[in-house]
Amino acid sequence: LQRLNSTALNCSDTECAFVETGRHLFFDCPCTAALWRFIQSDWASFIGDVTWHLISVPTEPPWSTRAEPFKPELFSLWMIMRSITIHVIWTTRN
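Here the sequence shown stands for residues 752 to 845, where the numbers follow the numbering used here.
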């Protein structure tokens, strides 16, 4: 991408040389990917894999059978956790 657009910015992480897109910043960068993996370890039994779609689109996750009785509460918790995580990533990187 940088060859196509010389104004493209690289990721601010010194160990990462990728062009910083929204997806890269919030999901694919090794720093943020590690954070989402940590979060997934607590949420996997309720929503399965934490995907870019789950992070970028504020919709209800595909709940597991185990989560069914608690969907309203879990959805609120998921949205709070997702929003806080996105905010922390943004403020840390900028």
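In this text, a Cβ means the ideal position worked out from N, Cα and C, and glycines have one as well.
Bear in mind that the values here come from a model prediction, so they are computed numbers and not experimental data.
Bridge-paired residues (DSSP) for residue 761 | 770
In whole angstroms, what separates the C-alpha of residue 768 from that of residue 780?
-> 10 Å
Hey, does residue 798 have any beta-carbon neighbour from chain B nearer than 7 Å?
-> In the structure shown, chain B cannot be found, because there is only a single protein chain.
Give the single residue among 841, 772 and 798 whose Cα lies nearest to the Cα of residue 815.
-> 798
Complete runs of the alpha helix (DSSP H) confined to the segment 772-808 [at least 4 residues] = 781-798 and 803-807
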